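The structure under discussion appears below in the form of structure tokens.
Below, the structure is given as structure tokens:
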């Protein structure tokens, strides 16, 4: 169909322009420059990608276009927070697919600000009551407890404390004391352990 052909061409163009961000000498010279994505409709292209994530057909087209891979390359290599925030906040994490892989990569990125934003975004997903969040989301939060940045670890603890208020998440939070303790936090054991967490 003509519509599918046009969409395929559009996704190819978007993928190419995102990929340029990781190969160009300066992102400021690109179509998706930091200025454009923060002050124009350019950011809507990322929202469009997120909307396509919500259907199986859309996911297939995104996979075929290679957009997920260029997004992954972008978030792990960029020094511009605007791209990380756009990608993380635009994707749909309902299914166990590439968007979750991308989120996981941002949570372990070399830039502290990227890891912090992605960790904070897990709170949004928790409150949105995303399907199976108690399985994969809580695991990601527990992993963040070991982050080298104290700020990231403390945010993870705060979110896990809120998660205990969700009864459906409680079984997932019955972790051992060794998992809840964060060696990287320069605080006492009493402060590291959340009183509301059911630890052994």
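Numbering (full-length UniProt numbering), first residue to last: 1 to 200.
Ideal placement from N, C-alpha and C gives every residue a C-beta, glycine not left out.
Remember, it's a predicted structure, so these values are computed and weren't measured experimentally.
Legend entry - Per-residue burial, residue 25 [other beta carbons within 10 Å of its own, 16 or more giving buried]: By the neighbour-count definition (other C-beta atoms within 10 Å, threshold 16), residue 25 is an exposed residue.
Inset, instruction - State the DSSP-derived secondary structure class of residue 82, mapped to helix, strand or coil. - result: Here residue 82 sits in helix by DSSP.
Inset, instruction - Please classify residue 19: does DSSP put it in a helix, a strand, or coil? - result: Shown here, residue 19 sits in a helix according to DSSP, grouped into three states.
Legend entry - Local conformation of residue 156 per DSSP, three classes: Residue state for residue 156 is assigned as helix, using DSSP reduced to three classes.
Legend entry - Identity of the residue in 47, 17, 59 nearest residue 73 by Cα: Taking residue 73 as reference, the option from 47, 17, 59 with the minimal CA-CA separation is 17.
Legend entry - Element boundaries [alpha helix (DSSP H), containing residue 141]: Residues 133-144.
Inset, instruction - Verify whether the separation of the beta carbon atoms of residue 116 and residue 141 is less than 9 Å. - result: It is not a contact, given that the beta carbons lie outside the stated cut-off.
Legend entry - Contact under 9 Å by Cβ, residue 130 with residue 94: Result yes, Cβ atoms of residue 130 and residue 94 sit closer than 9 Å.
Legend entry - Backbone secondary structure at residue 130 - three-state DSSP: In the structure shown, residue 130 sits in coil (DSSP, three-state: anything other than H, G, I, E or B).
Inset, instruction - Can you say whether residue 50 is buried or exposed, counting buried as having 16 or more other CB atoms within 10 angstroms of its CB? - result: Looking at its Cβ environment, which holds 16 or more other Cβ atoms inside 10 Å, residue 50 is buried.
Legend entry - Buried versus exposed call for residue 128 [16 or more other C-beta atoms within 10 Å across all chains shown]: Exposed, because fewer than 16 other Cβ atoms sit within 10 Å of the Cβ of residue 128.
Inset, instruction - Output the distance between the C-alpha atoms of residue 9 and residue 2, rounded to the nearest integer angstrom. - result: Taking the straight line joining both Cα atoms gives about 11 Å.
Inset, instruction - Could you tell me if residue 38 is buried or exposed, where buried requires 16 or more neighbouring beta carbons within 10 angstroms of its beta carbon? - result: Result: exposed.
Inset, instruction - Please state if the CB of residue 114 and the CB of residue 106 are separated by a distance shorter than 9 Å. - result: Their beta carbons are under 9 Å apart, which means residue 106 touches residue 114 by this criterion.
Inset, instruction - Assign residue 91 to buried or exposed, taking buried as 16 or more other Cβ atoms, counted over all protein chains shown, within 10 Å of its Cβ. - result: Classified as buried, residue 91 has 16 or more neighbouring CB atoms from the shown chains inside 10 Å of its CB.
Inset, instruction - State yes or no: is the C-beta of residue 202 within less than 9 Å of the C-beta of residue 59? - result: The question about residue 202 has no answer here: the residues shown for the chain are numbered 1 through 200.
Inset, instruction - Output the distance between the C-alpha atoms of residue 151 and residue 80, rounded to the nearest integer angstrom. - result: Cα to Cα, residue 151 sits roughly 19 Å from residue 80.
Legend entry - Buried versus exposed, by CB contacts within 10 Å (16 or more), residue 23: Exposed.
Legend entry - residue 85 classed as buried or exposed, judged by whether at least 16 other C-beta atoms fall within 10 angstroms: Answer is buried; the Cβ neighbour count reaches 16.
Inset, instruction - Would you identify the three-state DSSP class for residue 91, choosing helix, strand or coil? - result: Residue 91 falls in the coil class under three-state DSSP.
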